[in-house]
Ligand code: SAM
């Protein structure tokens, strides 16, 4: 039985005595074409493994189990674990783990379940915690091929934005250091039960095996990016001088010129490669202090 039939979902939940938990961002998919398409386009090959975050009642999990060799699904809501036991009973290639993905030891999870496999993350993420989950996955250093997620449409547009556009921000530049980001399709609010207040979109991040931007020190790169966007309306030099106290204004002015930018440039115009250039100049200056 597919899990997109509204009256079936309501009966299933009533039979387990549970209701939708707003605090966990529970909006379940009710249009079968959506989970099927996300599963199909997530970027994995049939012999690959999938890490699903927040399987809910197992709607997309069923498609993932049918398309890929192995699925591990981490669900925070304890009340959904027996439901998943029922809805996934016919699949022998899935492991459900009760837990908060933000507190999960990903390296241990990988060692236990994925040691010999290529892994793609595929998820309909809860809105309340989208960016922290994405940054956790990217920064954890776990070997992922793709992260394909449904997220709030505005966040998806931000992730795909070009330097200089209104949507471009610290998250865009940071994510583009790790992965090539592509928006796959939009999903309107009516495809969920209960319907959220916002529309969604699916994005696929293909993680670089060999990062095109190489920097001397990653922490310096991320501090530069964060500071540059901390004070968006200021010029880069003023934003950096508020955010990076260890450099004098004349250090920063020299570094900006050395990296090849005009003194008046704003941070929002810089690509991650350009932030990388500036971070390397600052790293050299810091090492010489
Ligand atoms: N995958 C289902 C679907 O597409 O219908 C449900 C998606 S729903 C938007 C988000 C799911 O993530 C819920 O099942 C929720 O309980 C779960 N969740 C929320 N926060 C979580 C966390 N920190 N770790 C793991 N799962 C979480």
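Residue numbers (the numbering used here): 812 to 1100.
All C-beta atoms, glycine included, are put in the ideal place defined by N, C-alpha and C.
Chain-order list of residues whose beta-carbon lies under 8 Å from that of residue i (same chain, five-residue window excluded)
i: residue 891; result: 829, 866, 867, 868
i: residue 991; result: 1016, 1017, 1019
i: residue 1080; result: 974, 975
i: residue 1022; result: 988, 989
i: residue 1010; result: 963, 964, 997, 998, 999, 1000
i: residue 1072; result: 1047, 1081, 1085, 1089
Close-in-space but distant-in-sequence residues of the same chain around residue i (CB under 7 Å, 5 per side omitted)
i: residue 1024; result: 988, 1083, 1084, 1087
i: residue 980; result: 969, 1040
i: residue 947; result: 913
i: residue 885; result: 864, 908, 910, 912, 915
i: residue 1050; result: 1038, 1039, 1041, 1042, 1078
i: residue 937; result: 835, 836, 865
i: residue 831; result: 837, 1005
Residue from the options whose Cα sits closest to the Cα of residue i
i: residue 961; options: 996, 951, 1006; result: 996
i: residue 858; options: 1049, 842, 880, 1033; result: 880
i: residue 940; options: 833, 931, 849; result: 833
i: residue 924; options: 943, 904, 819; result: 904
i: residue 1013; options: 815, 1078, 934; result: 934
i: residue 759; options: 873, 1035, 922; result: The structure shown does not extend to residue 759, since the chain is modelled only from 812 through 1100, so no value can be given for it.
i: residue 817; options: 825, 841, 837, 835; result: 841
i: residue 821; options: 1026, 1004, 1078; result: 1004
i: residue 949; options: 927, 819, 928, 918; result: 918
i: residue 1061; options: 1093, 1033, 1030, 1032; result: 1093
i: residue 846; options: 831, 813, 819; result: 813
i: residue 985; options: 963, 943, 1001; result: 943
i: residue 838; options: 825, 1068, 1002; result: 1002
i: residue 819; options: 1090, 930, 856, 894; result: 894
i: residue 983; options: 1048, 953, 1033, 1098; result: 1033
i: residue 849; options: 862, 874, 827, 826; result: 874
i: residue 883; options: 1048, 862, 993; result: 862
i: residue 1099; options: 928, 930, 1058, 1070; result: 1058
i: residue 953; options: 831, 971, 931; result: 931
Exposure of residue i, with buried meaning 16 or more beta-carbon neighbours within 10 Å
i: residue 911; result: exposed
i: residue 900; result: exposed
i: residue 906; result: exposed
i: residue 888; result: buried
i: residue 871; result: buried
i: residue 854; result: buried
i: residue 844; result: exposed
Cβ neighbours of residue i in the same chain (closer than 6 Å, five flanking residues each side left out)
i: residue 1075; result: 1046
i: residue 1006; result: 1000
i: residue 852; result: 995
i: residue 878; result: 850
query = Does the region 1047-1054 come close enough to the region 949-964 that 3 or more CB-CB pairs lie under 8 Å?
reply = no
query = If we count Cβ pairs, one from each stretch, closer than 8 Å, do we get three or more for the region 996-1005 versus the region 968-975?
reply = no
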